[in-house]
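Participant: Residue numbers (this note's numbering), protein chains in the order written: chain Z, 240 to 438; chain L, 240 to 438.
Virtual Cβ for every residue (Gly too), placed ideally from N, Cα, C.
This is the structure I want to talk about, given as structure tokens.
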DNA sequence: TTTTATTGATTGATCAGTCAATCAAAATTA
DNA sequence: TAATTTTGATTGACTGATCAATCAATAAAA
């Protein structure tokens, strides 16, 4: 069966499988065997390409992050005014695929892992910074710099909080409700500064 | 050595130890041996009193939750006006001991565990509901019911989000900044309804 | 023939959970 | 009170299962 150039194919399949297994299982305590089985290869092959479980996991967060970044870049490009860009950033955070229970479970598992794995933590810090700075860039055009900083901080926290709370699956808040809650926060926080082309 | 009445003493010691070990390790993947060692007893004794690791872990969340509830009850009793009660609830969420890295790590680990353990999930749902309803009770005295619902949802999310973001330990926000961010949100959200004895 | 892909079989380590045995306080009996 | 029995507390040693990681072997391209 060995065709050449399998490496990238298998790597992708294994990362996808890892994401699925982690999402279903709701934890990083998943076995290489299970991931490999999902990817349709032997556990030994997973080790062959990734060296260790930890490395595969790290590639998996990296992938999760890349997806989100690509979506954010695309959404920001489509938006033009600062206010539109703000809404675009919020919308991406609550996209349907990001809101899928398995995706939420995977993010949560990686958050927990970040307490132990310095490398995982680094990736999540990048995510947190990016969300904050995406918000901040637009907010600075809509209000004074110091207020913008605070609002960005608050909005990022609210987004993450809505996301986390979703993981408990009790009284789940819809995508639209989550978006409008965040938008409302920004609107009322910005209401004190009617200088920019607010709303 | 066997004195009578050791059971409650050992149970408490083991739960305390579990909390410490989980907090330090930043994960629920800790061994019974490690927990028992911290508590100064043999692993066998931990099994003797708790039956299983899962059960010990569940008692541990329960304890974490009870602490928070007791603090909230005390703080609410000391506050009198709705606005004071609101601030009390917020303050308790960001108390120093709740903000300690180990405590945050433990909460996070349990959030992840909730994806797998129905019982753990139930406890966290109780926490989430309680936070929301504590906020809601006071907010209803300060604005119309439907707005109160939304603000409670938003504030609870912001609190959880600030908490989670703290776990990444990058650009950590101080206790005071977290509190004032949440207070500001409530104030500006409430600003539209100058009916109650707002602020 | 060399290189790449792939696996089955195996190893070594780690752990949760069990169990039989010990020890000493408390209760009971003489 | 002294002797004896019972009971709770405690552990060391063991077991069975699970898993990450390794490796030697095979098969098919190039």
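(1) So for residue 421/Z, helix, strand or coil by DSSP?
(2) Would you call the stretch 347 to 357 of chain Z and the stretch 261 to 272 of chain L touching, i.e. three or more CB-CB distances under 8 Å?
(3) Just checking my contact of residue 271/L with residue 285/L at CB under 8 Å: how many whole Å lie between their CB atoms?
(4) Residue range of the alpha helix (DSSP H) that residue 393/Z falls in?
(5) Measuring CA to CA, which of 248/L, 343/L and 313/L is closest to residue 258/L?
(6) Starting from the C-beta of residue 273/L, find all residues in its chain whose C-beta is less than 7 Å away, skip the five residues before and the five after it, and write them out in chain order.
(7) Compare the C-beta of residue 357/Z with all C-beta atoms of chain L and state if any pair is closer than 8 Å.
(8) Do residue 412/Z and residue 401/Z count as a contact pair if the criterion is CB distance below 8 Å?
(9) In the DSSP assignment, find the unbroken alpha helix (DSSP H) run with residue 349/Z in it and report its ends.
(10) Using CA coordinates, which residue listed in 245/L, 357/L, 427/L and 254/L is at the minimum distance from residue 305/L?
(11) Go to residue 328/L, then tell me how far its alpha helix (DSSP H) extends in each direction, as first and last residue.
(12) Please compile the residues from chain L whose C-beta is within a distance smaller than 9 Å of the C-beta of residue 412/Z.
(13) From residue 429/L to residue 425/Z, what does the alpha carbon distance come to, in whole angstroms?
(14) Indicate the three-state DSSP secondary structure (helix, strand or coil) for residue 268/Z in the structure shown.
(15) Pull up the distance between the alpha-carbon of residue 436/Z and that of residue 277/Z, whole angstroms please.
(16) Between which two residues does the alpha helix (DSSP H) containing residue 372/Z stretch?
(17) May I ask which residues mark the beginning and end of the alpha helix (DSSP H) holding residue 303/Z?
(18) List, in chain order, every chain Z residue whose beta-carbon is nearer than 9 Å to that of residue 367/L.
(19) Give me the Cβ distance between residue 398/Z and residue 329/Z, rounded to the nearest whole Å; I'm assuming they're in contact under 8 Å.
(20) Which stretch, first to last residue, makes up the alpha helix (DSSP H) that contains residue 432/L?
(21) Quick one: does residue 389/Z have its CB under 8 Å from some CB of chain L?
(22) Would you mind reading off the limits of the alpha helix (DSSP H) that contains residue 284/L?
(23) DSSP state of residue 256/L, grouped into three classes?
(24) Could you give the distance in angstroms between the alpha-carbon of residue 234/L and the alpha-carbon of residue 341/Z?
Facilitator: Taking the structure as given:
(1) helix
(2) yes
(3) 5 Å
(4) 384 to 405
(5) 343/L
(6) Beyond the five residues adjoining it in sequence on each side, residue 273/L comes within less than 7 Å, by CB distance, of 260 in the same chain, given in chain order.
(7) no
(8) yes
(9) 340 to 352
(10) 254/L
(11) 321 to 332
(12) 392 and 396
(13) 13 Å
(14) If DSSP states are grouped into helix, strand and coil, residue 268/Z belongs with coil.
(15) Annotation note: pLDDT 42 at residue 436/Z (below 50); position unreliable, no value reported.
(16) 357 to 378
(17) 292 to 317 is the extent of the alpha helix (DSSP H) around residue 303/Z.
(18) Within chain Z, the residues whose beta carbon sits less than 9 Å from that of residue 367/L are 404, 407, 409 and 410, listed in sequence order.
(19) 7 Å
(20) Residue 432/L: not part of any alpha helix (DSSP H); DSSP gives it neither H nor E.
(21) Closer than 8 Å: yes.
(22) 282 to 289
(23) helix
(24) Past the edges of chain L, shown from 240 to 438, lies residue 234/L, and the structure says nothing about it.
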